[in-house]
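Residue numbers 19 to 57, in our numbering, belong to the letters of the sequence shown in order. Where is the CB? At the ideal position from N, CA and C, for every residue including glycine. Note that the structure is predicted; figures quoted are calculated from it, not measured.
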Amino acid sequence: MFFAAKTISKDQQTLESTKINIASIVIAGFVAFTSRSSL
Numbered sequence: 019m020f021f022a023a024k025t026i027s028k029d030q031q032t033l034e035s036t037k038i039n040i041a042s043i044v045i046a047g048f049v050a051f052t053s054r055s056s057l
């Protein structure tokens, strides 16, 4: 039971960091696009 709970929390952490990575990629792309079109 404890092991299963640990595995779930590990997957949850992976999911969170994946969402953060995707968010930063999207933000970086948006910033690059905005600064390019404003020039």
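Check, Outcome
"Inter-residue Cα distance where the pair is D29 and F51", "33 Å"
"Cα-Cα separation, E34 to S53", "28 Å"
"Inter-residue Cα distance where the pair is S27 and A46", "28 Å"
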